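Trainee:
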Ligand code: AMP
Ligand code: GLY
């Protein structure tokens, strides 16, 4: 099969790497990809948002399957459009992608299906939202309805912060129409985890659980980022909890989409808060997580292309997913200053040495070739990923590999996986 992966981050590199191992694959393209992906695929210089360009390329190359990594093209309806043109594409339709693209849609769906989630109200007026917050008190969570590149959620610990968030979203419109509505949600305390399922519209298979580290500094301090590291499995997600999440979250959602005439094909990612009174769903995404994909896919024993193909042919019931009995850790190496301003164009050394250990993968997030050198090209630059027996070995292999890599002003967290190691050491 000839396959095109759309996207250019660490998640897409992990997907492309895993697909490259499939005996069913004849040719792999990524658009636009990054320098690291050139090892496993042919790079095509078309942006992920350029649907016309991608469509033309797929027709010219007779692409058998398109895999979309990031959320924006899904929310913009790439799947509907490509399907209409007769191109096989993996992922939800625009209707299904609302699960990620609209917090109002997803919260109302959860309410309808009695899926455990924080108490909430939806507001279209800043004044009413402010009155509600004044009545409820802090801490409280303010969420813009639409996509906001991971910046649309404010956990407000003071009244001025909550009011400011409402003002910025609804009056100043810092996220444009994404802020026409806001969800004000109860603050939940507990441990977060990511549970991702894949569905063909009827059958559901759970992927291995994982946890990511969203904050920039050690101890989960500082501003949110696109993710500074991750590991799989997440010890907080017990087998029992996994079953409960399947029964109470994924099966009802997939059934609901099916009966409403919009069968959902693709990934459903549930961001979970495990609280002392059980789990609650914080959010849904309709794609693989980044950096969760980087720690889940190396543990998957199955052929990923076979799984995608089973989804396309509504045949997922015939597959069981198999996981390596190893833990996987990912440390993100970023440019110092990220998530604010940082420098790019720094030469990167040491990746071949880091990859001498067969349990290590280096998935690129933002790199490019410049005059024959590999250089940094963004905030999050590399994902160093290691498999090991248990979380301690996975982390120690990963950090050993990180030590072999160098570029000027590189930054990474030193405490990835601390929740899992603390639990394991108990
Ligand atoms: P979301 O995009 O809804 O997952 O929110 C992004 C992040 O904000 C989550 O990963 C949590 O860390 C935090 N968050 C979201 N909702 C809540 C909540 N109700 N209580 C506490 N933290 C939250
Ligand atoms: N790691 C969080 C996300 O992919 O949304």
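Numbering (the working numbering), first residue to last: 4 to 429.
A virtual CB, placed ideally from N, CA and C, is assigned to each residue, including glycine.
All of these numbers come straight from a predicted model, not from anything done at the bench.
(1) For ligand 1, any of its heavy atoms closer than 8 Å to the Cβ of residue 274?
(2) Taking contact to mean at least 3 C-beta pairs separated by less than 8 Å, is the segment 251-267 in contact with the segment 192-208?
(3) Just to confirm the assignment: which complete alpha helix (DSSP H) runs, minimum length 4, are found wholly within the segment 106-173?
(4) Which one or two residues does DSSP pair with residue 9 in a beta bridge?
(5) For residue 84 and residue 103, I'd like the C-alpha separation in whole angstroms.
(6) With burial defined as no fewer than 16 other Cβ atoms inside 10 Å of the residue's Cβ, what is the status of residue 284: buried or exposed?
(7) I want to check one thing, is the minimum distance from the CB of residue 294 to the heavy atoms of ligand 2 below 8 Å?
(8) Report whether the distance from the Cβ of residue 106 to the nearest heavy atom of ligand 3 is below 8 Å.
(9) What residues match up with residue 366 in a beta bridge as DSSP calls it?
(10) On a CA-only basis, which of 260, 160, 227, 229 is nearest residue 96? Give me that one, please.
(11) For residue 190, is the beta carbon positioned less than 8 Å from some heavy atom of ligand 1?
(12) In whole angstroms, what is the alpha-carbon distance linking residue 430 and residue 30?
(13) Entirely within the segment 252-327 and at least 4 residues each: give me those alpha helix (DSSP H) ranges in chain order.
(14) Between 144, 313, 37, 148, which lies nearest to residue 162 when the distance is taken from Cα to Cα?
(15) Between which two residues does the alpha helix (DSSP H) carrying residue 190 extend?
(16) In the DSSP assignment, what are the bridge partners of residue 234?
(17) Is residue 217 near ligand 2, going by C-beta to nearest heavy atom under 8 Å?
(18) Look up residue 376 in the DSSP assignment and give the residues it is bridged to.
(19) I need the boundaries of the beta strand (DSSP E) containing residue 208, first residue and last residue.
(20) Are residue 25 and residue 44 close, meaning C-beta to C-beta below 9 Å?
(21) Pick out whichever of 365, 343, 345, 347 has its Cα sitting closest to the Cα of residue 353.
(22) What would DSSP say about residue 62, mapped onto helix, strand or coil?
(23) In this structure, how does DSSP classify residue 46 when only helix, strand and coil are distinguished?
(24) Determine, using beta carbons only, whether residue 418 and residue 389 come nearer to each other than 9 Å.
(25) Going by alpha carbons, who is nearest to residue 425 out of 81, 222, 122?
(26) Is there at least one non-hydrogen atom of ligand 2 closer than 8 Å to the beta-carbon of residue 10?
(27) On a Cα-Cα basis, can you pick out the residue from 99, 337, 377 that is closest to residue 288?
(28) Given 8 Å as the limit, tell me if residue 146 has its C-beta closer than that to any heavy atom belonging to ligand 1.
(29) In the DSSP assignment, find the unbroken alpha helix (DSSP H) run with residue 246 in it and report its ends.
(30) In whole angstroms, give me the CA-to-CA distance for residue 214 and residue 369.
(31) Candidates 138, 420, 128, 16: which alpha carbon is nearest residue 183's?
(32) Can you tell me where the beta strand (DSSP E) with residue 226 in it begins and where it stops?
(33) For residue 338, which of helix, strand or coil comes out of DSSP?
(34) Could you compute how far the alpha carbon of residue 385 sits from the alpha carbon of residue 150?
(35) I believe residue 346 touches residue 412 by the beta-carbon criterion, under 8 Å. Please report the beta-carbon distance rounded to the nearest angstrom.
(36) Between residue 113 and residue 92, is the Cβ-Cβ spacing less than 9 Å?
Mentor: So, to answer that:
(1) yes
(2) yes
(3) 106-115, 129-139, 162-169
(4) 34, 71
(5) The straight-line gap from Cα to Cα measures roughly 19 Å.
(6) buried
(7) yes
(8) In terms of ligand content, the structure shown lacks ligand 3 and carries ligand 1 and ligand 2 instead.
(9) 386
(10) 260
(11) yes
(12) Examination of residue 430 is not possible in this model, given that the chain is present from 4 through 429 alone.
(13) 254-262, 295-299, 307-315
(14) 144
(15) Premise fails: residue 190 is in no alpha helix (DSSP H) and is neither H nor E.
(16) 214, 332
(17) yes
(18) 373
(19) 207-209
(20) For the 9 Å CB-CB criterion, residue 25 and residue 44 do not form a contact.
(21) 365
(22) helix
(23) strand
(24) No. Outside cutoff.
(25) 222
(26) For ligand 2, not one heavy atom lies less than 8 Å from the Cβ of residue 10.
(27) 99
(28) Checking every heavy atom of ligand 1 against the Cβ of residue 146, one is found closer than 8 Å.
(29) 242-248
(30) 22 Å
(31) 128
(32) 224-227
(33) strand
(34) Straight through space, the alpha carbons of residue 150 and residue 385 are spaced by roughly 25 Å.
(35) Confirmed, about 6 Å.
(36) no
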